[in-house]
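Residue numbers (the working numbering): 586 to 727.
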């Protein structure tokens, strides 16, 4: 068990691929100042666990079983207006990015980045930022 830090950012991961779930969990768990409070493998579990654990940041895959990541994001943002949902996906189209932001996502990353970029994005989202992968930034024209 790691030492507690003064300020913790609570994080929930939503990822259907077991290997990715385990890797992302490890990255978050090893990072000082981040506390992994829940892990879900589908959209329905994400909404249920999110309402129960009330994380500050949710790292959400888009292509997940049951309720997809966009719908799960919408439900979480309605039920927990203070939650910050960060999309992390291999899928990146202008339409999908717009749907995610319309559902309430605060940021969008593509799975080709480093774990350092993910950690920085989680911290940025927790601080009120809107982290975007460079590819996403180009798609939305920022």
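All residues carry an ideal CB built from backbone N, CA and C; glycine is no exception.
Residues of its chain near residue i, where Cβ-Cβ distance is below 6 Å and the 5 sequence neighbours each way are ignored
| i | result |
| --- | --- |
| residue 739 | In this structure the chain extends from 586 to 727, so residue 739 is not present and cannot be described. |
| residue 704 | 616 |
| residue 620 | 593, 595 |
| residue 694 | 673, 706, 718 |
Beta-ladder partner(s) of residue i, from DSSP
| i | result |
| --- | --- |
| residue 674 | 695 |
| residue 669 | 642 |
| residue 736 | The displayed coordinates of the chain run from 586 to 727. Any statement about residue 736 would go beyond what the structure contains. |
| residue 594 | 619 |
Local conformation of residue i per DSSP, three classes
| i | result |
| --- | --- |
| residue 725 | helix |
| residue 682 | helix |
| residue 652 | coil |
| residue 609 | helix |
| residue 717 | strand |
| residue 689 | coil |
| residue 657 | helix |
| residue 706 | helix |
| residue 712 | coil |
Nonlocal neighbours in the same chain, by C-beta distance under 7 Å from residue i, ignoring five residues either side
| i | result |
| --- | --- |
| residue 670 | 643, 645, 658, 661, 662, 689, 690, 691 |
Residues near residue i in its chain [Cβ-Cβ closer than 8 Å; skip 5 each side]
| i | result |
| --- | --- |
| residue 612 | 700, 703, 704 |
| residue 638 | 595, 597, 622, 623 |
Runs of beta strand (DSSP E) lying entirely within the stretch 615–644, each at least 3 residues, in chain order: 619–625
Inter-stretch contact (C-beta, 8 Å, three-pair minimum) for the stretch 603–612 and the stretch 629–636: no
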